[in-house]
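Remarks on the structure that follows.
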Amino acid sequence: MSTVARADPAGTAGSARALSERRPLGDRGFQVLALAAGLLVLVILVLIAVSTSQQASSWFSAEGLKIFSNNWNPAANQFGALAFIYGTAITGVIALVIAVPVSVGIALLLTEVVPYRWSRPIVYVIDLLAVVPSVVWGLWGILVFAPWIQHIYASVGSGVNGVPVLGALLGPPTSGASFFTCGIILAFMITPIVTSLSREVIATVPTIDKEGAYALGATRLEMIRGAVWPHSQGGVVGAVLLGLGRAMGETIAAALVIGSSATITSHLFATGYNMPAVIANQFGEASGEFRAALIGIGVLLFVMTIIINIIARGIVERSARRKRGA
Amino acid sequence: MAVAEPQQRPDLREPAGWRRTRNRIATALMVLAFVLVIIPLGFVLYTVIAKGASIISWSFLTGGPIPPNVLPASVGGMGPAVLGTIEITALATVISVPLGVLGAVYINEYGGKGLLARLIGFMADVMTGVPSIVMGLFIFSIWVLHFGYSGLAGAFALGCLMLPIVIRSSDEMLKLVPDPLREASYALGATKARVTLTVVLPAAIGGIVSGALLAVARAAGETAPLLFTILTVTAANRNVFSGANTALSTQIFANASQPYVGAQARAWGAALTLIAIAFILMIVARTVTARFTRYSR
Numbered sequence: 001m002s003t004v005a006r007a008d009p010a011g012t013a014g015s016a017r018a019l020s021e022r023r024p025l026g027d028r029g030f031q032v033l034a035l036a037a038g039l040l041v042l043v044i045l046v047l048i049a050v051s052t053s054q055q056a057s058s059w060f061s062a063e064g065l066k067i068f069s070n071n072w073n074p075a076a077n078q079f080g081a082l083a084f085i086y087g088t089a090i091t092g093v094i095a096l097v098i099a100v101p102v103s104v105g106i107a108l109l110l111t112e113v114v115p116y117r118w119s120r121p122i123v124y125v126i127d128l129l130a131v132v133p134s135v136v137w138g139l140w141g142i143l144v145f146a147p148w149i150q151h152i153y154a155s156v157g158s159g160v161n162g163v164p165v166l167g168a169l170l171g172p173p174t175s176g177a178s179f180f181t182c183g184i185i186l187a188f189m190i191t192p193i194v195t196s197l198s199r200e201v202i203a204t205v206p207t208i209d210k211e212g213a214y215a216l217g218a219t220r221l222e223m224i225r226g227a228v229w230p231h232s233q234g235g236v237v238g239a240v241l242l243g244l245g246r247a248m249g250e251t252i253a254a255a256l257v258i259g260s261s262a263t264i265t266s267h268l269f270a271t272g273y274n275m276p277a278v279i280a281n282q283f284g285e286a287s288g289e290f291r292a293a294l295i296g297i298g299v300l301l302f303v304m305t306i307i308i309n310i311i312a313r314g315i316v317e318r319s320a321r322r323k324r325g326a
Numbered sequence: 327m328a329v330a331e332p333q334q335r336p337d338l339r340e341p342a343g344w345r346r347t348r349n350r351i352a353t354a355l356m357v358l359a360f361v362l363v364i365i366p367l368g369f370v371l372y373t374v375i376a377k378g379a380s381i382i383s384w385s386f387l388t389g390g391p392i393p394p395n396v397l398p399a400s401v402g403g404m405g406p407a408v409l410g411t412i413e414i415t416a417l418a419t420v421i422s423v424p425l426g427v428l429g430a431v432y433i434n435e436y437g438g439k440g441l442l443a444r445l446i447g448f449m450a451d452v453m454t455g456v457p458s459i460v461m462g463l464f465i466f467s468i469w470v471l472h473f474g475y476s477g478l479a480g481a482f483a484l485g486c487l488m489l490p491i492v493i494r495s496s497d498e499m500l501k502l503v504p505d506p507l508r509e510a511s512y513a514l515g516a517t518k519a520r521v522t523l524t525v526v527l528p529a530a531i532g533g534i535v536s537g538a539l540l541a542v543a544r545a546a547g548e549t550a551p552l553l554f555t556i557l558t559v560t561a562a563n564r565n566v567f568s569g570a571n572t573a574l575s576t577q578i579f580a581n582a583s584q585p586y587v588g589a590q591a592r593a594w595g596a597a598l599t600l601i602a603i604a605f606i607l608m609i610v611a612r613t614v615t616a617r618f619t620r621y622s623r
């Protein structure tokens with residue numbers, strides 16, 4: 001791979017600076033316009049943080065650290081958000097546990113197993129998953145999937161009832177709309193992005209490494225473990241984190257299938273709530289401090305997803321750059 | 327013990343056999359992963375088509391107003407929601423696509439490898455991960471509280487979602503335009519703005535359009551940013567700039583959790599309409615990519 005530096009005539013140091021004196025007004029105007037459009041991204045991100053925090057300030061100042069208490073009772077003016085944070089973490093973990101092996105499996109299938117002419121239709125099909133809108137997943141989830149899987153939950157629940165750990169996780173009470181249903185639906189929704197990012201990362205593994213492994217007599221599995229995995233580990237972790245960020249922020253599907261009860265429980269098949277779902281479901285009838293609390297939950301969600309995204313993008317970018325540079 | 331000789335052969339092959347078996351199991355698991363994804367996708371599409379197709383008719387798509395939940399699906403129609411979705415998505419496109427393309431032009435043509443351009447590119451990536459409901463809360467705080475609910479507010483929220491997607495896809499496409507093309511234009515004495523507008527952008531237009539269409543497809547299906555910005559109503563609102571509006575996605579959300587047969591049927595019909603819109607946009611995007619892409623990786 002040759003690394004030819006991109007020539008950029010008007011951007012090269014000295015001569016361009018001298019020329020810029022004579023650049024016509026329209027030319028400079030266009031540059032300013034483009035710069036403004038680029039800066040818009042940064043401006044919007046700052047504005048999101050400032051404006052939403054402002055609207056939520058009464059919640060933060062009135063409740064203090066009690067915003068992290070497990071006490072959500074709008075009728076009594078109590079707005080502790082712990083149950084929603086817990087729900088977001090639980091559904092995110094369930095979604096990852098399902099989506100990550102599937103996504104990495106498909107990414108490996110696409111890059112290492114099937115020939116190129118087969119991989120394109122497979123990518124199309126995976127992309128179709130991303131085209132199905134969130135609200136349609138939610139509609140299907142609550143009207144078709146939840147009633148169907150309810151029976152499975154019920155029989156599993158009665159089977160493990162009383163067993164020490166499994167009983168606490170999978171035992172009754174069970175419900176069709178639950179943490180677990182929400183996690184499954186979220187897993188479907190984040191599979192496309194985790195797959196495509198993992199695929200991008202895995203595609204940067206040098207062919208010579210793979211050929212070397214095959215030349216030593218490795219099977220494909222051994223080649224993947226010995227040559228592909230060490231190279232793409234970091235990038236795949238980044239892709240997984242991005243998937244987690246998406247799962248945490250996914251709103252409408254969660255709002256429909258999570259069951260809408262603000263409880264902290266170890267029972268995965270029980271109804272629950274998470275941060276985006278409570279905002280979507282309760283914002284309509286909220287005002288005053290109730291509304292401030294819901295916007296505040298949005299601020300917490302924003303901060304959490306931004307941190308996860310910055311870390312994840314950093315990891316993906318670094319591993320991609322290292323591989324390309326090598 | 328007389329047959330000890332032939333037994334040794336399988337013994338020798340055993341490790342390789344096990345290795346081969348494990349390899350086959352791994353490959354089978356990868357195929358299984360793909361199958362696991364196809365099943366729910368097929369199931370969803372089948373359900374939406376099966377339940378939605380019987381509802382959809384010309385009067386469903388254009389009629390209105392949207393009737394109360396208790397009434398059967400034969401009454402009224404989703405016309406106001408179809409109109410709202412088209413109005414709001416179109417306005418969001420008009421707002422965000424030019425800005426996104428300009429932003430990509432800055433990153434790729436002006437910023438180069440500079441710190442600011444890299445920061446903007448990185449933050450655009452991060453911005454694609456901002457939850458859509460946060461965009462809704464943002465526009466609610468900054469616009470709706472001062473100017474009230476309107477299609478325009480919804481378009482702003484969708485535009486905020488589309489902007490980073492358009493920036494990223496356009497940036498990718500501009501990167502593919504070969505430098506000699508730019509250099510040839512500079513050699514003729516063209517200014518940078520002229521080179522960008524008449525040479526670079528036309529060369530990348532296919533990819534830019536298809537990236538924008540994919541962003542539109544994504545925005546058309548979004549619900550969360552619209553909930554607090556357009557305030558779902560049941561009557562048609564032709565004025566996208568003022569007054570509460572409605573959209574297919576928010577109507578599905580409102581109808582999905584209703585116990586009434588009519589409401590659920592309307593939700594399925596609206597879901598099929600929405601998926602059809604998204605798929606058509608995606609197919610057009612693919613066609614545009616296939617026909618107008620001059621440079622690719």
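Here the protein sequences line up with chains R and E, keeping their order. In this text, residue positions in the first sequence follow my numbering: the first is 1, and each later residue adds one. In this text, residue positions in the second sequence follow my numbering: the first is 327, and each later residue adds one. We treat Cβ as the ideally placed atom computed from N, Cα and C, and that holds for glycine.
query, result
"Delimiting residues of the alpha helix (DSSP H) encompassing residue 210 of chain R", "207 to 215"
"Span separating the alpha-carbon of residue 134 of chain R from that of residue 213 of chain R", "42 Å"
"Spatial distance of residue 87 of chain R from residue 146 of chain R (CA atoms)", "18 Å"
"Option in E/534, E/542, E/598 with minimal Cα separation from residue 417 of chain E", "E/542"
"Chain-ordered neighbours of residue 309 of chain R on chain E, where CB pairs are closer than 9 Å", "451, 452, 453, 454, 455, 456"
"Chain E within 8 Å of residue 318 of chain R, Cβ atoms only", "no"
"Terminal residues of the alpha helix (DSSP H) in which residue 549 of chain E lies", "Looking at the DSSP string, residue 549 of chain E is not in any alpha helix (DSSP H), and its letter there is neither H nor E."
"Cα-Cα separation between residue 315 of chain R and residue 233 of chain R, rounded to whole angstroms", "10 Å"
"Burial state of residue 279 of chain R (16 or more Cβ within 10 Å)", "buried"
"Residue range of the unbroken alpha helix (DSSP H) whose run includes residue 285 of chain R", "Taken as a continuous stretch (DSSP letters only), residue 285 of chain R belongs to no alpha helix (DSSP H), as it is neither H nor E."
"Three-state secondary structure assigned by DSSP to residue 434 of chain E", "helix"
"Identified DSSP bridge partners for residue 476 of chain E", "E/569"
"Where residue 608 of chain E falls, given that 16 or more other Cβ within 10 Å makes a residue buried", "buried"
"Buried versus exposed, by CB contacts within 10 Å (16 or more), residue 518 of chain E", "buried"
"Touch test, the segment 91 to 105 of chain R against the segment 247 to 257 of chain R, Cβ-Cβ under 8 Å, three pairs minimum", "yes"
"Contact set between residue 590 of chain E and chain R, taken where Cβ atoms lie within less than 7 Å", "143"
"is_contact[residue 474 of chain E, chain R] using C-beta, thresh 8 Å", "no"
"Proximal residues to residue 614 of chain E (C-beta, below 8 Å), its chain only, five neighbours per side dropped", "532, 535, 536, 539"
"Reduced DSSP secondary structure (H/G/I, E/B, other) of residue 78 of chain R", "strand"
"Paired residues, beta bridge with residue 73 of chain R - DSSP", "R/78"
"Integer Cβ distance of residue 292 of chain R from residue 56 of chain R, believed to fall under 8 Å", "5 Å"
"Separation of residue 349 of chain E from residue 104 of chain R, as counted between CA atoms", "16 Å"
"Beta-carbon separation (whole angstroms), residue 204 of chain R vs residue 106 of chain R, contact threshold 8 Å", "Going by Cβ atoms, the distance from residue 204 of chain R to residue 106 of chain R rounds to 17 Å, so no, they are not a contact pair."
"Three-way DSSP call (helix, strand, coil) for residue 164 of chain R in this model", "helix"
"Other residues of its chain near residue 589 of chain E: CB distance less than 7 Å, five sequence neighbours each side excluded", "395, 581"
"Residue 331 of chain R vs residue 550 of chain E beta-carbon contact at 8 Å", "Chain R is shown from 1 up to 326; residue 331 of chain R falls before or after that span and cannot be answered."
"Environment of residue 1 of chain R [buried if 16+ CB atoms lie within 10 Å]", "Because residue 1 of chain R carries a pLDDT of 37, less than 50, the predicted location of this residue cannot be relied on, and the following value inherits that uncertainty. Flag for residue 1 of chain R reads exposed."
"Contact set between the segment 356 to 375 of chain E and chain R, restricted to residues whose Cβ is under 7 Å from the partner", "356, 357, 359, 360, 362, 363, 364, 366, 367, 370, 373, 374"
"7 Å Cβ shell around residue 171 of chain R - same chain, five flanking residues per side excluded", "157, 160, 161, 267"
"Residue 451 of chain E, buried or exposed, once every other Cβ within 10 Å from all chains shown has been counted against 16", "buried"
"Same chain, Cβ closer than 7 Å to residue 311 of chain R, five either side skipped, listed in chain order", "241"
"Nearest-angstrom beta carbon gap, residue 475 of chain E and residue 570 of chain E [assumed within contact, 8 Å]", "5 Å"
"Interface positions of the segment 238 to 271 of chain R facing chain E (Cβ-Cβ less than 8 Å), listed along the chain", "242, 245, 246, 248, 249, 250, 251, 252, 255, 256"
"Residues of its chain near residue 279 of chain E, where Cβ-Cβ distance is below 8 Å and the 5 sequence neighbours each way are ignored", "In the structure as shown, chain E begins at 327 and stops at 623. Residue 279 of chain E is therefore absent and cannot be evaluated."
"Closer than 8 Å to chain R by CB, residue 524 of chain E", "no"
"CB-CB length for residue 378 of chain E against residue 390 of chain E, believed under 8 Å", "18 Å between Cβ atoms; not a contact."
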